[in-house]
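Number of protein chains: 2
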Amino acid sequence: MDKKLVSRADDYSRWYNDLVVKAGLAENSSVRGCMVIKPYGYAIWEKMKAQLDKMFKETGHQNAYFPLFVPKSLFEAEEKNAKGFAKECAIVTHYRLESDPENEGKLRVDPDAKLEEELIVRPTSEAVIWNTYKNWIQSYRDLPILINQWANVVRWEMRTRLFLRTAEFLWQEGHTAHETKEEAINETKMINDLYAEFAEKYMSMPVIKGTKTENETFAGAEKTLCIEALMQDGKALQAGTSHFLGQNFSKAFDVKYTNKEGELKYVWASSWGVSSRLMGALIMTHSDDNGLVLPPKLAPIQVVIVPIFKDKKELDEISSVVDSIKLKFEGSNVEIKFDNSDKLRPGAKFAKYELEGVPVRIVIGPNDLKNKSLEIFRRDELSKEIIPLDNVKAHVLELLDEIQINLYKKSLSFRNANTTKVDNFEDFKDVVLNKGGFVLAHWDGTKETEEKIKEITKATIRCIPFNKNEQGKCVYSGKPSSKMVLFAKGY
Amino acid sequence: MDKKLVSRADDYSRWYNDLVVKAGLAENSSVRGCMVIKPYGYAIWEKMKAQLDKMFKETGHQNAYFPLFVPKSLFEAEEKNAKGFAKECAIVTHYRLESDPENEGKLRVDPDAKLEEELIVRPTSEAVIWNTYKNWIQSYRDLPILINQWANVVRWEMRTRLFLRTAEFLWQEGHTAHETKEEAINETKMINDLYAEFAEKYMSMPVIKGTKTENETFAGAEKTLCIEALMQDGKALQAGTSHFLGQNFSKAFDVKYTNKEGELKYVWASSWGVSSRLMGALIMTHSDDNGLVLPPKLAPIQVVIVPIFKDKKELDEISSVVDSIKLKFEGSNVEIKFDNSDKLRPGAKFAKYELEGVPVRIVIGPNDLKNKSLEIFRRDELSKEIIPLDNVKAHVLELLDEIQINLYKKSLSFRNANTTKVDNFEDFKDVVLNKGGFVLAHWDGTKETEEKIKEITKATIRCIPFNKNEQGKCVYSGKPSSKMVLFAKGY
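Residue numbers (our numbering), protein chains in the order written: chain E, 2 to 492; chain D, 2 to 492.
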């Protein structure tokens, strides 16, 4: 397989797909719209999961597991939610296959094994979870419930792209129940902050926090908060959402509690999730024409060591230096791979690890043995330097921190350079069409304007950012507006 | 809810179900045959997962993720495997719901959204994985492939029991591909050993390793190795299986590799799994009429501290002692919970943590403050003693180790006391009927005898243990036999 990628400038979409496949992250499966997450891709996802899981637990959440299937009668109980997902869900109707009498050795659906009630493969779990919470909640003493689930979900998307939009995907979904409206809103905000912190500190990906418009609010929610990131092709990607569900689900499933005063009240709710889509965001935020670029905190391997040798004696000498280096890093959480295989030449190894986005590469050759030095290469800047062997641990630790921060800074300056404030619709169209990126503009707050702008430019309101209060006039209708909102074409 | 359990002697089956529900481990959901794994149960499962995952990675395996759905044409490709699961699988036939014109606000399956090819919700993933491996394997350089997946699977069981047999369950499934038959067999054995080590060292559950009879071999495998454990009611539980798949799947999916000599060869395979069923095994192996008993290595909380106080001043004094205790345990991997809530009286707290199986309980009251002592209670033996406060860390660490080992020893002596060697069929029937447990007996190796014995006694051959070679006569037919096999009624 040719490991070389098409350049981003030539074909961004193909570059992305090639990169995902060639770096061994994921590939399409023979099941329509479903992907295979390959070991290297899964290892990055595991790192993300572990960090998010830690943050959820530190904020008082516990994990649990709820059924994959939602009986149709539960699915349709909260009408808006049901309507939002009805058009894209996988439906189990039968529970048995039988031998096909017309096709020796083949099977067919047994018509006698039809389910009395169809089961929906969960596209999201509010229905099945609120139907369960009903039995768990009697009194204020049972609240709050702060539960998260790591699971697979299915949404029957017609046009799919690896990680970004697949029929089945992996995600976490938090589902919380509270005594008061205020508590549920605070939970929603707290998770929005948590997601932003994860994106910025671990993925090195700057995000803008805000509220979705009514049009873009989650089906069944009162309000949806989100974090929005900007990809290198100037398109926006919604990276995580948290929903204030009000009492919609507690009313649909009749979940009440007795408060301290002895009154019966409906429970308040939130739900929130991020998915394997974050993998797509991570890849598109940092990678370049040579391949993947990973922030050290999420890289499965932080350092690869490539030896340059012409015979076994030289390799042995290098290996003993490598042993001493590994020893220095023990207990430091830095994963070091020594690639001493003879299957590939050094140049091919360099290309491979650049493609795979290993943050730091160390090269040790005969001269380094002589000089007690080594060559150290950073993936983010594609630059190298020679350092004394003695200094390797301190240097690498510092470099990993620096790369983590540098990636964030680079993405942030890219976003700043690609965020444009406009105050008239001609400029708006020009920016969306020719420059791309985020566009900050006044909006009159109506659905009509939002849809008209989308129709004309394909740009949608990504979010209403917090703290952008400022009087002005709607960029489309000229009507008064009290805050700027963030437009972009989106993934 | 009444927290008291029925006794094991009175109704073992109800005791088990009550315990699972009352200790907050799991409950039945409104979806037929599917359970909700509640936070406390899930926390134990997470501990199991983490340890198994570590052991898989230490033996060279990587995690990946494959689709939930298997298209029917792939599902039926390996005929024996397909036949084995055809009668119990959930089948997706449609991908959209629509408004039901006859029922305002309700939904129905959209008849226009019928899939061209039905999708089976994976009961196991050999088919979808081998169809993927086909593209990954060309040469011996691509081998071995050592992959594990953590996933949910669905088998449409008619009679379900929490954790032991549910329509949906959580599991891991390893799928490996090798150059040679020997390598694939070694992998199968290595995993059998790994599972036994996990069961014995972490679950404190003794197991017998062996081979399944042809009758009980996994559908599509050449040979199935297993670990079998004995529950307290004298019934056996299959706790983990590893299958040598021969070339059945590589032939069904046409997966060949070029060997070093340039010849095209079919790949050799293994697959192996343990599931959330292990939760059932863990519960039934150790628990008693007071509730759950957990080996410390899998307990979410190792130590609970309950204060006894009559006013805030006393509680404050106890709290500061507790702080000093917690400080001592920092970095020691011992999870300590201080239950200073005033919702329950101490006696009720004792009962609660006994029900939940917390291995060690520490009680601190006014006398302990005076004497610089504390009361320490071990869940496995329901016994307590007073120890000096100064000694708490060393004492607890030692006690946790001791409990871990004691639980293993107790289970082992139970198993030994309930394993009976018999040499005639009258005794065989008597033991199976009246005593239960494992029965070691000679078997002539035929399917007919195996089935006849099952028909008469309901006992099945759990496994053909390794190293039980010994000449004898079949307990049923009197024909010659070269080894003893292990019979029992099973879960």
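C-beta atoms are modelled at their ideal positions from N, C-alpha and C, and glycine is treated no differently.
Query	Result
Nearest neighbour of Val122/D, chosen from His443/E, Ala91/E, Phe254/E, Leu144/E [CA to CA]	Ala91/E
In DSSP terms, what Pro481/D is bridged to	Lys474/D
Assigned secondary structure, Arg15/E (DSSP; H/G/I helix, E/B strand, else coil)	helix
Opposing strand residues paired with Pro68/D [DSSP bridges]	Paired residue(s): none; Pro68/D is not in a bridge.
CB contact check: Pro145/D to chain E, cutoff 8 Å	no
Residue nearest to Asp12/E in terms of C-alpha spacing, selected from Asn149/E, His62/E, Gly42/E, Asp234/E	Asp234/E
heavy atom of the ligand MG below 7 Å from Leu144/D C-beta	Within the structure as shown, the ligand MG is missing, as the structure has no ligands at all.
Three-state secondary structure (DSSP) of Met2/E	At Met2/E the pLDDT is 49, less than 50, meaning the model places this residue with poor confidence and gives no usable figure here.
Supposed contact pair Glu119/D and Lys73/D - C-beta distance, whole angstroms, cut 8 Å	5 Å
Any chain D beta carbon closer than 8 Å to Leu120/E	yes
Listed by chain order, chain E residues near Ser31/D by CB distance under 7 Å	Pro72, Leu75, Asn132
As assigned by DSSP and simplified to three states, the class of Leu147/D	strand
Interfacial residues, the stretch 154–166 of chain E to chain D, with Cβ spacing under 8 Å	Val155, Trp157
Nearest candidate by alpha-carbon position, reference Trp131/D, set His244/D, Leu108/D, His176/D	His176/D
Below-8 Å beta-carbon distance, Arg346/E vs any chain D residue	no
Chain-ordered residues of the stretch 285–304 of chain D with a beta carbon less than 7 Å from chain E	none
Outcome for Asp381/D when other beta-carbon atoms lying within 10 angstroms are tallied against a minimum of 16	buried
For Trp157/E, three-class secondary structure by DSSP	coil
Nearest to Val432/D (by Cα), restricted to the options Ile302/D, Lys236/D, Phe57/D	Lys236/D
Ser272/E: first and last residue of the uninterrupted beta strand (DSSP E) it sits in	269–276
Cβ-based burial, Glu262/D [other Cβ within 10 Å; buried from 16]	exposed
Ile38/E to Ser276/E span [Cα, whole Å]	13 Å
Euclidean distance between Cα positions of Gln63/E and Leu163/D	20 Å
Nearest-angstrom Cα separation, counted from Ser325/E out to Lys371/E	16 Å
Expected contact under 8 Å - CB spacing of Leu401/D and Pro207/D to nearest Å	At roughly 20 Å, the Cβ-Cβ gap does not stay under 8 Å, so Leu401/D and Pro207/D are not in contact.
Exposure of Lys298/E, with buried meaning 16 or more beta-carbon neighbours within 10 Å	buried
Span separating the alpha-carbon of Glu188/E from that of Ser271/E	7 Å
8 Å Cβ cutoff, Ala83/D in contact with chain E	yes
CA nearest to the CA of Pro301/E, picked from Pro102/E, Tyr134/E, Arg109/E, Trp46/E	Trp46/E
Residue from Pro308/E, Ile306/E, Ser140/E, Ala230/E whose Cα sits closest to the Cα of Thr286/E	Ala230/E
Which of helix, strand or coil DSSP assigns to Ile363/E	strand
Through-space distance from Val364/E to Met2/E, alpha-carbon basis	Note on Met2/E: pLDDT 49, under 50, position unreliable in the model; the coordinate value appears next. Spanning the two alpha carbons is a distance of roughly 25 Å.
DSSP state of Asn29/E mapped onto helix, strand, coil	strand
Below-8 Å beta-carbon distance, Pro389/D vs any chain E residue	no
Beta-carbon spacing of His244/D, Trp273/D below 8 Å	yes
The alpha helix (DSSP H) enclosing Val393/D, as first and last residue numbers	393–418
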